[in-house]
Amino acid sequence: VDIVEWLTLADVEHAARDAVDPATWTYIAGGAGSSRTVDANAAAFDDLWFVPRLPAEPLQHPDTSVSLATSTLPMPVLLAPTSPQRLLHVDAELATARAAHGAGIVSIVSSDSHYAFPEIAEAGSGHCWFQLYPYRSREDMAAAIELAECAGAKALVVTVDASYPARRLAAKRAGFCTPAYVDFGTLRRLGILTGDVPPDARLERLALTWSDLEWIRRRTRLPLYVKGVLHPDDSRRCVEAGATGVIVSNHGGRQLDGSIPALCALEAIVDSVGERCEVLLDGGVRSGLDVVKAVALGADAVCLGRPYLWGLCADGERGIRAVLRLVRQEIADTLRQLGVARLSTLDPTVLARSDDHRIRLISRAPHAASLIAAQTDWKSR
Ligand SMILES: Cc1cc2nc3c(=O)[nH]c(=O)nc-3n(C[C@H](O)[C@H](O)[C@H](O)COP(=O)(O)O)c2cc1C
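Residues 4 to 384 in this note's numbering are what the sequence shown lists, from first letter to last.
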């Protein structure tokens, strides 16, 4: 499908799938185990329905912006850290950073990027965040944090759900092997990688614990986001450790198959820490409609993973820009249809939940798990 015909992110997905070999496609699309959590992440959004209302004022241009600790964004969307992007396009993270900056949003750059972080941050005109994996030792982590700070990272994201290798069975069965042209530029610059990138694109990491997280907090003044939080008690502990935000995530279903879908973990975490830190979410966001659903349930913003990789794969920076234009348009359209003038005023009353074939309105306090039983059995109508 040509870029001008991309009407949904699924169109971009089809274009990307046609552009790469099957093993690479499986590496990107697949997850851990039987990929149940990959599928469930997206399916969780389909269990929520919208309840449009009549607005008080005409709505020409709904305000889709959001303010985070680091900046105000024109829409509540960031680009999740992913690697190896060089599999999909020669410009890899440079294209991603440029596209994000062009759209006024943030690219979170993986420790495992092909290009070194300083070059990527420059391409993104200083609007990037740095995602830290714990390699080898605290000294290595300190050096990585210093590199990120010197290059102008606006925030530090610590991924806590990928300390141990995952059973990525789909990629294994497809015979995925990292091609020789893929590099880990930041890790090479830090001296952490000296030889070839391993065939499974993974270097051994430290087994991260709470004390490491507290140590990282003390090492940097940057806003700190903890990525890979699924339990409300852990989110509270992140706040106590000084986190600016948590990213509710199961790593796009790539670490533990059978993990709770990210959207299903969101409400309890918003309940627990929503007043005290930012709550971001990723996993299964496949349209601007999904973005609105997550924000209505209390997320401050969402991160896109695979969908921007599809854009990168299909048409580099231009492809990612097209993805972001589409998502922003869908967010604005959804708000108008809902009768909501500003994204920042969204609340759960715009949603209803599909539950045992009944549709239930969600009350103003859904986080207290108060679903108001409502309406008819839609299946029998
Ligand atoms: C190919 C690929 C590589 C990824 N690499 C990283 C990474 O280097 N660091 C990280 O924290 N998360 C990584 N993730 C997880 C994403 O940041 C994000 O949590 C996930 O993709 C969100 O789900 P979605 O793809 O359904 O949008 C990766 C995901 C994919 C698909």
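Every residue, glycine too, gets a C-beta built ideally from N, C-alpha and C.
Query                                                                                                                                                                       : Result
Within 10 Å of its beta-carbon, does Arg210 have 16 or more other beta-carbons around it, so buried, or fewer, so exposed?                                                  : Note that residue 210 is Ala in the sequence shown, not Arg. Exposed, by the Cβ-count rule.
Do the segment 178-198 and the segment 282-293 meet, that is, are 3 or more Cβ pairs less than 8 Å apart?                                                                   : no
Is it the case that the CB of Ala83 approaches a heavy atom of ligand 1 more closely than 7 Å?                                                                              : yes
Could you please give me the residues that DSSP links to Ile108 through a beta bridge?                                                                                      : In the DSSP output, where bridge partners are listed per residue, Ile108 has none listed.
What does a CB cutoff of less than 7 Å around Pro168 pick up in its chain, not counting 5 residues either side in sequence?                                                 : Arg205
Between Ser140, Gly188, Val23, which has its C-alpha nearest Ser116's C-alpha?                                                                                              : Gly188
Hey, Leu269 and Thr67 are a contact pair by Cβ (cut 8 Å); roughly how many whole angstroms apart?                                                                           : Between Thr67 and Leu269 the Cβ distance is about 20 Å, and since that is not below 8 Å, they are no contact.
Looking at the strands, I want to know which residues DSSP matches up with Arg363.                                                                                          : Arg356
Output the distance between the C-alpha atoms of Ala22 and Gly291, rounded to the nearest integer angstrom.                                                                 : 24 Å
Going by alpha carbons, who is nearest to Pro1 out of Ala271, Thr348, Leu341, Pro310?                                                                                       : Outside the modelled stretch of the chain, which goes from 4 to 384, sits residue 1, for which no answer is possible.
So, are the CB atoms of Arg324 and Gly105 less than 8 Å apart?                                                                                                              : yes
Express the C-alpha separation of Val343 and Leu196 in angstroms, rounding to a whole number.                                                                               : 50 Å
How many angstroms separate the CA atom of Thr337 from the CA atom of Ala19?                                                                                                : 26 Å
May I ask whether a heavy atom of ligand 2 can be found less than 7 Å away from the beta carbon of Cys306?                                                                  : Only ligand 1 can be found as ligands here, which leaves ligand 2 out of the picture.
Can you list the alpha helix (DSSP H) stretches of 4 or more residues lying completely in the segment 231-292, in chain order?                                              : 235-243, 265-276
With hydrogens ignored, establish whether the beta-carbon of Gly286 is closer than 7 Å to any heavy atom of ligand 1.                                                       : yes
Buried or exposed for Arg56, please, with buried defined as at least 16 other CB atoms from any protein chain shown within 10 angstroms of its CB.                          : exposed
Give a single yes or no on whether Asp2 has its beta carbon closer than 7 Å to a heavy atom of ligand 1.                                                                    : Because residue 2 is not part of the residues shown, which for the chain are 4 to 384, the question remains open.
Taking the runs of the alpha helix (DSSP H) that are 4 residues or longer, which of them lie wholly in the segment 117-190?                                                 : 120-126, 141-153, 172-176
Roughly how many angstroms separate the alpha carbons of Leu10 and Glu217, rounded to a whole number?                                                                       : 45 Å
Please report the straight-line C-alpha distance between Ser74 and Arg176, rounded to a whole angstrom.                                                                     : 43 Å
Would Ser114 pass as a contact of Ala165 if the rule is Cβ separation under 8 Å?                                                                                            : no
Excluding the 5 residues flanking Ala302 on each side, which residues of the same chain have their C-beta closer than 8 Å to its C-beta?                                    : Pro79, Val251, Leu269, Val273, Val282, Leu283, Leu284
Taking one C-beta from the segment 215-235 and one from the segment 124-139 each time, how about it: are there three or more such pairs within less than 8 Å?               : yes
Could you have a look at Asp215 and say whether DSSP puts it in helix, strand or coil?                                                                                      : helix
By DSSP, does Ala72 sit in helix, in strand, or in coil?                                                                                                                    : coil
For Ala377, which of helix, strand or coil comes out of DSSP?                                                                                                               : For Ala377, the pLDDT reaches just 33, beneath the cut-off of 50, and the residue's location in the model is therefore unreliable, although a value from the coordinates is still provided. Residue state, collapsed to three classes: coil.
What's the C-alpha gap between Arg257 and Glu60?                                                                                                                            : 44 Å
To the nearest angstrom, report how far apart Ala98 and Thr27 are at their CA atoms.                                                                                        : 19 Å
Identify the residues that DSSP records as bridge partners of Tyr228: which are they?                                                                                       : Val160, Gly248
Quick test of your reading: Val109 and Leu76, contact by CB under 8 Å. State the CB separation rounded to the nearest angstrom.                                             : 7 Å
So what does DSSP say about Ala304, is it helix, strand or coil?                                                                                                            : strand
Consider the C-beta atom of Pro310 and the heavy atoms of ligand 1; say whether any pair is separated by less than 7 Å.                                                     : yes
For His64, is the beta carbon positioned less than 7 Å from some heavy atom of ligand 1?                                                                                    : no
Consult DSSP for Val93 and reduce its assignment to one of helix, strand or coil.                                                                                           : coil
Drop a sphere of 10 angstroms on the beta-carbon of Trp313, count the other beta-carbons inside from all chains shown, and report buried for 16 or more, exposed for fewer. : buried
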